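For reference, the structure discussed in these notes is given below.
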Amino acid sequence: MVKAEPLKISPSLLAADFSALGQEVQRVAAADMLHIDVMDGRFVPNLSIGPQVVASLRDKTSLFFDVHLMLEHPLPYIEAFRRAGADSITFHIECADDSAAVLAAIRESGAKPGMALSPATPPQALEPFGDGLYLITVMTVEPGFGGQKLMEPCLEKLSPLKKAFPHVLLEVDGGVNEETAPLCRRAGADILVAGTAVFRAEDPAAAIEKLRY
Ligand code: DX5
Ligand code: ZN
Numbered sequence: 037m038v039k040a041e042p043l044k045i046s047p048s049l050l051a052a053d054f055s056a057l058g059q060e061v062q063r064v065a066a067a068d069m070l071h072i073d074v075m076d077g078r079f080v081p082n083l084s085i086g087p088q089v090v091a092s093l094r095d096k097t098s099l100f101f102d103v104h105l106m107l108e109h110p111l112p113y114i115e116a117f118r119r120a121g122a123d124s125i126t127f128h129i130e131c132a133d134d135s136a137a138v139l140a141a142i143r144e145s146g147a148k149p150g151m152a153l154s155p156a157t158p159p160q161a162l163e164p165f166g167d168g169l170y171l172i173t174v175m176t177v178e179p180g181f182g183g184q185k186l187m188e189p190c191l192e193k194l195s196p197l198k199k200a201f202p203h204v205l206l207e208v209d210g211g212v213n214e215e216t217a218p219l220c221r222r223a224g225a226d227i228l229v230a231g232t233a234v235f236r237a238e239d240p241a242a243a244i245e246k247l248r249y
């Protein structure tokens with residue numbers, strides 16, 4: 037039997053006020069992780085931040101940095117994000133680099149490895165890689181933008197993933213809020229990412245607690 041860990045909340049920085057990121061990370065100190073979305077304008081039609089911004093936030097919070105790379109070519113950037121302070125580094129199985137090589141680079145960097153599945157990718161795609169991952173991110177929106185609606189059918193991937201990889205944390209990313217969090221928890225999520233629901237709330241600490249139960 038694998039002992040269930042308490043649910044972790046990972047607020048997505050994408051919904052924060054980018055003019056005041058140093059203060060924004062302190063508004064979510066009650067969370068367990070900070071979800072950092074990195075976009076290249078190629079893998080997804082949006083741009084966000086790079087390792088320099090991550091490094092500038094490292095001494096502003098002790099939160100675990102959960103870095104989500106939405107990059108066509110993550111391989112050349114692994115070391116830079118680790119040096120910037122990433123605790124876990126997650127890349128998409130749909131990227132253009134060799135997944136085994138990216139995983140090896142993450143492990144070598146000392147960061148915890150994660151892999152993400154876009155909505156159209158079936159859970160079986162992770163079969164060769166799942167064992168030994170720290171987390172699997174199940175996207176419940178098309179990656180690229182915050183503030184979208186959670187696609188419920190994507191949650192059906194969690195149960196087969198949990199069965200296949202009982203030691204890997206399952207993270208749900210996209211459209212998680214007070215209404216959808218119970219569906220994610222029931223589906224077996226271990227980590228909930230929430231951008232809009234946390235950073236756009238007047239009281240982020242209260243918003244985080246609402247997602248837990
Ligand atoms: C989407 C990102 C998500 C997103 C979540 O590409 O990976 O992390 O910021 O934002 P909300 O919670 O607003 O859907
Ligand atoms: Zn994300």
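Numbering-wise (this note's numbering), the sequence shown opens with residue 37 and increments by one.
For each residue, glycine too, the CB sits at the ideal point set by N, CA and C.
Note that the structure is predicted; figures quoted are calculated from it, not measured.
Cβ-heavy atom distance, residue i to the ligand DX5, below 7 angstroms
{"i": "Ala233", "result": "yes"}
{"i": "Asp226", "result": "no"}
{"i": "His203", "result": "no"}
{"i": "Met106", "result": "yes"}
Under 8 angstroms between C-beta atoms of residue i and residue j
{"i": "Val177", "j": "Glu207", "result": "no"}
{"i": "Met175", "j": "Gly150", "result": "no"}
{"i": "Asp68", "j": "Leu49", "result": "no"}
{"i": "Gly233", "j": "Leu194", "result": "According to the sequence displayed, residue 233 carries Ala and not Gly. Cβ atoms of Ala233 and Leu194: not closer than 8 angstroms."}
{"i": "Gly180", "j": "Val80", "result": "yes"}
{"i": "Ser145", "j": "Glu115", "result": "yes"}
{"i": "Leu247", "j": "Ala200", "result": "no"}
{"i": "Gly182", "j": "Pro47", "result": "no"}
{"i": "Leu70", "j": "Asp102", "result": "yes"}
{"i": "Phe127", "j": "Leu105", "result": "yes"}
{"i": "Thr157", "j": "Glu130", "result": "yes"}
{"i": "Ala141", "j": "Leu111", "result": "yes"}
Residue of the options minimising C-alpha distance to residue i
{"i": "Val64", "options": "Gly86, Val138, Phe235 and Ile129", "result": "Phe235"}
{"i": "Arg14", "options": "Pro155, Ala161, Asp123 and Lys44", "result": "Nothing about residue 14 can be reported from this structure: the residues present for the chain run from 37 to 249 only."}
{"i": "Phe165", "options": "Lys185, Ala137, Pro155 and Tyr113", "result": "Ala137"}
{"i": "Pro196", "options": "Leu162, Val212, Arg221 and Gly168", "result": "Leu162"}
{"i": "His203", "options": "Gly168, Leu219 and Gln184", "result": "Gly168"}
{"i": "Thr173", "options": "Cys190, Thr97 and Ser92", "result": "Cys190"}
{"i": "Ala40", "options": "Asp226, Glu238, Glu215 and Ala241", "result": "Asp226"}
Delimiting residues of the beta strand (DSSP E) encompassing residue i
{"i": "Lys148", "result": "Lys148 to Leu153"}
{"i": "Thr126", "result": "Ser124 to His128"}
{"i": "Leu105", "result": "Phe100 to Met106"}
{"i": "Ile172", "result": "Leu171 to Met175"}
heavy atom of the ligand ZN below 7 angstroms from residue i C-beta
{"i": "Asp123", "result": "no"}
{"i": "His128", "result": "no"}
{"i": "Asp209", "result": "yes"}
Range of the contiguous alpha helix (DSSP H) that encloses residue i
{"i": "Ile227", "result": "No alpha helix (DSSP H) contains Ile227, which is instead part of the beta strand (DSSP E) from Ile227 to Ala230."}
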